[in-house]
Structures are given as C-alpha cells and as structure tokens.
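Heads up: the structure comes next, in structure tokens.
Protein chains: 2
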Amino acid sequence: MRPEDLRFQVLRHLEQKPDMTQRELAAALGISLGRVNYCIQALIERGLVKAANFRNSRNKRAYLYKLTPRGLSEKAALALRFLRRKEQERQVLLQEIEALRAEIGQANHEHEKHEQGE
Amino acid sequence: MRPEDLRFQVLRHLEQKPDMTQRELAAALGISLGRVNYCIQALIERGLVKAANFRNSRNKRAYLYKLTPRGLSEKAALALRFLRRKEQERQVLLQEIEALRAEIGQANHEHEKHEQGE
DNA sequence: TTACGTGTGTTCATCAGTTGAACGCACATA
DNA sequence: TATGTGCGTTCAACTGATGAACACACGTAA
Chain G
1 MRPEDLRFQV LRHLEQKPDM TQRELAAALG ISLGRVNYCI QALIERGLVK
51 AANFRNSRNK RAYLYKLTPR GLSEKAALAL RFLRRKEQER QVLLQEIEAL
101 RAEIGQANHE HEKHEQGE
Chain H
1 MRPEDLRFQV LRHLEQKPDM TQRELAAALG ISLGRVNYCI QALIERGLVK
51 AANFRNSRNK RAYLYKLTPR GLSEKAALAL RFLRRKEQER QVLLQEIEAL
101 RAEIGQANHE HEKHEQGE
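So this is what it looks like as structure tokens:
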C-alpha cells in the first residue's frame, strides 16, 4: 500500500469514526501499529488531523482524531485521485486479462456475464 | 510483485525468447538484476528451466534458458491461476470504485462507456 | 488512599526483501 | 598477446515494515 493511499484510507476511516484507536486502524487496514502511528503523526504534522483529548481533558492519551477543514479537502482530493487511479488500474487489468486469455487459448468470456454488469 | 507472479512472468518471457539475458529480463519486468538471478536459479533448481550453453559449448556464460516439459506445464498452471486472480482483482476493484463513487457523490458513470466494453 | 488491571500512544531493535555496484569469467577482436 | 565487451554471480548496504516492550492515564476495588 502506497503512502498516499494509506493517508487516504486513514483520513477516510477517521472521518467516519474519529474515536478509532491506532490498533483498530492497523487491523482495519491490514498494516502494523507502528506504521499507523507514523502516518497519523504525519497527518497531524501537516495539519490535516487534530488530536483532541478524549474522555478527560488532562489525559494525553486516548485521542479523538478529528479532521481539520484542510484535512477534509485533502481527503476529497485524494479520493478523486484514488478513484481515477483505480479506474485506470481496472482498465490495465482488463488488457492483461484479455492478453492472457488469448495466450492460454481459452474462450471463457462467459465468466464476465455473471459479474455485475457495466 | 509476488514471487509466484515473478516466476510466471519469467517463464512467460523465457518461453517466447529463451535467449533473453538476466539484465533484459530485469528491465522488462521492472525489477533488479539480483532478483532475476535468484528467481532463475530457483527455476533451474526445480527443474522448470534448463540452462543450455549458447554460442559455444565450453562457454559457461551466455545461457539459453529453455523451459523443460515440467516448466511448460507449470507455466500453464500458473497462467490459469494468474488469470483467475486478476479477474477477481478486477471485480474487487469494481466494488471499490463504486463505493468510492457513492462516497464522493459523483455520478460519472459515463466514463465507463468510453472504455472497451464488456 | 493505595494498588492493580486495562487500554492507549510511542518507540525502536529487528527482520525480510530488494538493490545494483563490483566481480570473475569467456569470449571476440585487434 | 592484450583489450574490450557482455554475461552470470555475489553480497554489503539500504529500505520499509514489524510488533514487542514501554510509559502513561485512567477506572476500579480493596
């Protein structure tokens, strides 16, 4: 997972559920705790996320990770780029698949017809 | 790139062009020379590829990498698995894309209509 | 109050994977 | 012979990810 994609996914999750712990994020994204921590620190450093105290004002731990206005717009921009890239990846994949089918000599395009149509 | 995918791509290239050098393979696959060497050694070890002397019988270098019968069948099996996985990846990608579109709120399905149809 | 358990963010030694510069070798050529 | 070229091979060094261990701030119960 690219750093850019990771930032996007973290922003995405935190917007919908700001009280996620770093461990929960790590599990949800399938990466390590250390990497999540590193990513969140970067987001805070950039001013895209603000760590608000949770439960008790003097508690330095157990944060609420709230997206700042800049964080929201950054997340929207990342979403669009992410989407565009995924669309392109899907197109590339189609070409690879067709090349493979031709190479294998299988005429099993019937598979596609059972997928969700386009 | 997964080790399995790398083995497949190497077999694929060598079948079509057994006189490729390791440097050419590295460039074609976008990976390092060392990794190609490691992969080819593994293929030879498994008996999927045989390194035949090229140009001159006493020359230990400049091999022809010929696929053995086992190499051919292994390559065919890998191709099928590779294809199946790519198809699945493409399906997953479609779901991600649609989820993103819903999240972004864009109704730009028109994009698809310009792609190669299914 | 005190002591303990729990869950948090943080740190960092360790590891697995990759790289490509450097090397030894076998030619072709002069 | 001497030199240049291109090959496969090696491996020290780099990169990025990991998760065990840690310090801390609570809640809870003795």
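From first to last, the protein sequence lines are chains G and H. First residue of the first sequence? That's 1 in this note's numbering, and the numbers climb one at a time after it. First residue of the second sequence? That's 1 in this note's numbering, and the numbers climb one at a time after it. Even glycine gets a Cβ: it sits at the ideal position worked out from N, Cα and C.
H:GLU24 sits away from H:LEU78, with the two beta carbons spaced by 8 Å or more. Note that the C-beta distance between G:LEU67 and G:LYS75 is below 8 Å. H:GLN22 and G:ARG84 have their C-alpha atoms spaced approximately 35 Å apart.
Under the DSSP assignment, G:ALA51 falls in the beta strand (DSSP E) whose first and last residues are 49-53. Contacts with chain H at 8 Å (Cβ-Cβ) include G:ILE97. A Cβ-Cβ separation of about 10 Å leaves G:GLU98 out of contact with H:LYS86 under the 8 Å criterion. In this model, H:ALA62 and H:ALA51 are separated by some 9 Å (Cα to Cα). At a cut-off of 8 Å, the C-beta of G:ARG90 has a neighbouring C-beta in chain H. Under DSSP, the beta-bridge partners assigned to H:TYR63 are H:ASN53.
One Cα belongs to H:PHE54, the other to H:ALA27, and the distance between them is close to 21 Å. For H:GLU103, the closest alpha carbon among the candidates G:HIS13, G:ARG7 and G:ILE31 is that of G:HIS13. Per DSSP, the continuous alpha helix (DSSP H) segment holding G:PRO3 begins and ends at 3-16. Rounded to the nearest angstrom, the Cβ distance from H:LEU48 to H:LEU80 is 16 Å, too far for a contact under 8 Å. One thing to note: G:LEU93 has its Cβ within 8 Å of the Cβ of H:LEU93. Interface with chain G (8 Å Cβ-Cβ cutoff): H:PHE8 is excluded. Restricting attention to H:GLN88, H:LEU72 and H:MET1, the CA atom closest to the CA of H:VAL36 is found in H:MET1. In the structure shown, G:ARG46 adopts coil according to DSSP, grouped into three states.
Around G:PHE82, the same chain offers ASP5 and PHE8 as residues with beta carbons nearer than 7 Å, after the five sequence neighbours per side are excluded.
For G:LEU14, no CB of chain H lies under 8 Å from its own CB, so it is not counted at the interface with that chain.
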